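Below: the structure, in structure tokens.
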């Protein structure tokens, strides 16, 4: 595949196909306050739910007295685990094959766990009633880290499972141990790192919520829910609640950001639905920010060690990593079934070597469950961070410039498709071109010269780099599934008689702009102006089945489905055109928007004329209409990549570091809407910066969550956020119908290591080799003083 | 998150507010900007039975110079200070104002509300310590002026008597050359100070330091005056060495906790760094 | 308590408890759902409205405190049938993704341009620093405000 600096559109701006920065059609409603988020849904007679949560991290649940709460005016019900158990709903399956308590019956296992729910006529009343519920807990030792969890005398967290005797949630490995041992045996140098990728939280600005409306007469359950995967959620609701699937309609309306947080099913959804079913009125529950931060899916929390074996020349021979996952109290992330540590084994990154071995273990702790892929394709973020930190340290240890070290070890363009030592087949890449562009943009050589001079003056500045490779777009159905559902996705397209079209998707936007970009894919393939195509998604009754939007899979999978269904329609359109032009289909030429007879371009028919004919004058041997559906099973994942360079200045007296420059060169294959792609990268870089700089969740020794609101869980504002400079190269995916790769997560995956590498680079001459994220000023100051 | 129920009144005169507070006794609490109180009520960390809202008492929204002082009324918002020309008379006040919380909170929150709140992570009381401010207190039986050192009692505790309220705070503006600064280490806009240091230097005609003020934020159970450092500076000619010694003394006056915002030793170090830098900046602005 | 608030030029009345937050009055009692709730701690600015022209966080004010005030919400930004330049700027420069912070961002931007018609990038970043966006990294929000400022200047000039 040829790498270009940008992709030229094939369609006119009026058609607005791939490559045009169309303004978003969804904006009109958001700009006027006319979006429709879950909390905006109000139904006649609707009740409100509030959740009582455990104040302690680990305790036996002795008793719950809700009598005083029931007496409060406006309270209709207090739901406890005991009541849910009567309906066999006290526990629910997770997306990772575990079970999770809906409402506690035996123990509470983390601070913030759901203990009881109040259903009332008003949210204020429901909250008042929570304070009248008296719960008696008998406290147990809280386990606040996975190291303690694995000790022999640690209390057992999962006493609910009969056959469980320890706190291990999973073990898993990938790669070739013997080959890796052999590589290390012949290494001239081994470079190692031990680091913790701390617990973080996606915290989309809209918290999670539901309005459950189970109609008492028809039994139809209409569920408005903050869902990144409405179809999968409907199936799980059917399985959990025993409701017939055709009677469940999940509507995921406008979603105020997801970032992985809205992939799992949460207990509040189940209780609200059960309450609506039992009471016969709609029930709304919308989380507070604190509820969101202390109980819903967190990201990361991996303790990682990694070692690189190098030969005399600094060529990488092998990689060995081991990781320990802090899983929280239930195993409720959402990984493909075969991959218990997600796609962490992409950890060999952008580098060409023969041997790698990855071992992983998960441990239960008395913390909120999760481990969701926070703006990440199944743990790729942790993997990318580990290899890029190792690369930096290896270059430092052998005294080579980190850019040169990368250049020497990169997979070369002619090696694609490239099979990695852990079994991934990288589709396409040109890592050196992207890195060189970033170096040229930032003025790398001048910065290195400045740094040398600065060190003479005692001034600290650092230049950090990350040359990441991601793996997104799960995935080939033979390998990837979530809870048994294969990871295909779908699109359904109908062109109406006037030439206007409706496209229905199995994936679901949370702000990525699907209503614009997916119309552009159809415009590219059919030549119908993108503005003539309405995109529908998020309503399970009105869209084809799909696995949803996460892991940057919408464009690689849903986008593939969209291109393929449009091509099906184009094939049919060719037959109709042949009928109209009285030519044979093979004698027609296609250009965006019309067929013409070969050799006589004046004899042509537009796609709009063809659409009209499909309903008014279709060939006798064809069905009427211009409509189709495609379930796309991608032949492979896609592998976006890029190089990010960060320049920091560091105050040695306080340890405070500030970002002077941040250059990001991304290659996500063909860009459907360059404006939207840039926006995705800006957002991802900001989250990468946030994690490197400030954003984390920790716990005290009693298991109290520190970071339970936006005063303690710090997310950056416009003032702290660096100003980004973007560059692009385009290396199309050879197997994707339009050559696109997916981009929503690249920047979050790739950038944290660039920020940390910059700080380490500023201090490397002092002997500093690692500071864990977030790179807080006190950690920097101590690293300087201990160096 | 929803606050517990309470009774409410919003008098439009100071007399009305004082009468209400007198009648309510311990049940009554003043609501000014509410930017700390309302979130605390949502978390049920505060549950006042009765709020006396002073936001309609426009006579309290002043910022003015009078009798050698800069006086800030109980209803003056943080952003009123940012925009006030009169407030520029005090470097330490005007340099702190833009760094209070975030722009929207500054539109609503009040200086005096923050002073009365006595949150050790609040910025204003360090500023008031450095500037040796007086708090104007009024009750139904009369008014009094309380030095800031006596006003701050402890963690979230002031010396107001039942039925009293803060009506303003006055910062003396020294007649001699004076400079000040507020240095704040915050991790993001809207964050509380991890460490804050307010400094003020008043110079005598010969260039020696007539009086120094140093207030520390977020490193003790209350905003703290670094008295030993101030004493060390008074009467001396300013120099880098002197400032370094004072900085070390200020650090000794701090007793920070290790928490999610940082390690105690490092915070103590930041107190020293900020005191040294703050004094240098105060000296520079006194000379300009 | 009986309150009357002029929202976007229309008088709304409601009988509310003193503890009712202004944002709940706007969203539930007056039915204007463009104002959002993103946190509880006056940290995120999703609930920003203009109270007598000044940006405030409506989750950190009681509705009774706005009795008699004029409030502008996102629904009141349009100039007649047309989007305001700030609204147009957000569309032109891709200043929004999920749209949840957008009403608050547009309201503070509108207030900024009233006070400072030609803000620098620093001025804009400072002015919107009480509002959190999780999607855009703020880059295109800054550009959107600059676009609106240029457009306003063009109209006046």
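Residue numbers (this note's numbering), protein chains in the order written: chain A, 13 to 799; chain B, 205 to 492; chain C, 4 to 160. Think of the CB as a built atom: it goes at the ideal place given N, C-alpha and C, for glycine as much as any other residue. Note that the structure is a prediction, hence the values are computed from the model and not measured.
Is the beta carbon of residue i sitting closer than 9 Å to the one on residue j?
i: residue 97(C); j: residue 688(A); result: yes
i: residue 172(A); j: residue 133(A); result: no
i: residue 333(B); j: residue 354(B); result: no
i: residue 211(A); j: residue 123(A); result: no
i: residue 483(B); j: residue 451(B); result: yes
i: residue 122(C); j: residue 115(C); result: yes
i: residue 437(B); j: residue 427(B); result: no
i: residue 291(A); j: residue 261(A); result: no
i: residue 63(C); j: residue 243(B); result: yes
i: residue 296(A); j: residue 59(A); result: yes
i: residue 293(B); j: residue 269(B); result: yes
i: residue 136(C); j: residue 730(A); result: yes
i: residue 22(A); j: residue 63(A); result: no
i: residue 154(A); j: residue 70(A); result: yes
i: residue 745(A); j: residue 682(A); result: yes
If you draw a straight line from the alpha carbon of residue i to that of residue j, how long is it in whole angstroms?
i: residue 13(A); j: residue 439(A); result: Caution applies to residue 13(A), whose pLDDT of 49 falls short of 50 and renders its modelled position unreliable; the value that the coordinates give is listed next. The alpha-carbon atoms of residue 13(A) and residue 439(A) are separated by roughly 9 Å.
i: residue 151(A); j: residue 377(B); result: 57 Å
i: residue 248(A); j: residue 279(A); result: 13 Å
i: residue 366(B); j: residue 238(B); result: 20 Å
i: residue 505(A); j: residue 516(A); result: 6 Å
i: residue 160(C); j: residue 281(B); result: Per-residue confidence for residue 160(C) stands at a pLDDT of 47, beneath the threshold of 50, marking its modelled position as unreliable; no derived number is given.
i: residue 591(A); j: residue 583(A); result: 13 Å
i: residue 637(A); j: residue 538(A); result: 15 Å
i: residue 115(A); j: residue 44(C); result: 27 Å
i: residue 35(A); j: residue 41(A); result: 13 Å
i: residue 662(A); j: residue 734(A); result: 15 Å
i: residue 46(A); j: residue 36(C); result: 7 Å
i: residue 444(B); j: residue 117(C); result: 45 Å
i: residue 737(A); j: residue 690(A); result: 10 Å
i: residue 349(A); j: residue 124(C); result: 47 Å
i: residue 180(A); j: residue 381(A); result: 14 Å
i: residue 458(B); j: residue 423(B); result: 5 Å
i: residue 617(A); j: residue 642(A); result: 26 Å
For the alpha helix (DSSP H) that contains residue i, what are its first and last residues?
i: residue 452(B); result: 444-456
i: residue 220(A); result: Per DSSP, residue 220(A) belongs to no alpha helix (DSSP H) and is neither H nor E.
i: residue 92(C); result: 88-95
i: residue 347(A); result: Element bounds for residue 347(A): n/a, residue is neither H nor E.
i: residue 696(A); result: 686-705
What first and last residue would you give for the beta strand (DSSP E) that runs through residue i?
i: residue 675(A); result: 669-679
i: residue 258(A); result: Here residue 258(A) belongs to no beta strand (DSSP E), and DSSP marks it neither H nor E.
i: residue 580(A); result: Residue 580(A) -> not in any beta strand (DSSP E); alpha helix (DSSP H) instead, spanning 572-593.
i: residue 315(A); result: 311-322
i: residue 211(B); result: 211-213
i: residue 184(A); result: 180-187
Report, in whole angstroms, the separation of the C-beta atoms of residue i and residue j, which I expect to be a contact under 8 Å.
i: residue 365(A); j: residue 335(A); result: With 8 Å as the limit, residue 365(A) and residue 335(A) do not qualify as a contact, their Cβ atoms being about 19 Å apart.
i: residue 405(A); j: residue 205(A); result: 6 Å
i: residue 313(B); j: residue 305(B); result: 7 Å
i: residue 479(A); j: residue 453(A); result: Contact flag wrong, Cβ pair sits at about 14 Å.
i: residue 228(A); j: residue 270(A); result: In fact, because the Cβ distance is near 32 Å, the residues do not count as touching under 8 Å.
i: residue 255(B); j: residue 218(B); result: Not a contact, Cβ separation roughly 16 Å.
Using a Cβ-Cβ cut-off of less than 8 Å, list which residues of the segment 55-89 of chain C approach chain A; keep chain order.
The residues in question are 76, 77, 78, 80, 81, 86.
What residues in the segment 212-237 of chain A have a beta carbon less than 9 Å from any beta carbon of chain C?
Residues 214, 215, 216, 217, 218, 219.
Residues, ordered as in the chain, of the segment 715-741 of chain A that lie near chain C by beta-carbon distance below 7 Å:
Contact annotation: in the segment 715-741 of chain A, residues whose CB is within less than 7 Å of a CB in chain C are 721, 722, 723, 727, 729, 730, 731, 733, 736.
Counting only Cβ-Cβ distances shorter than 8 Å, please list the residues of the segment 20-42 of chain C near chain B, keeping chain order.
For the segment 20-42 of chain C, which is checked against every Cβ of chain B, the residues closer than 8 Å are 20, 21, 22, 24.
Determine which residues of the segment 206-217 of chain B have a Cβ less than 8 Å from any Cβ of chain C, and write them out in chain order.
Answer in chain order: 206, 207, 208, 209, 210, 211, 212, 214.
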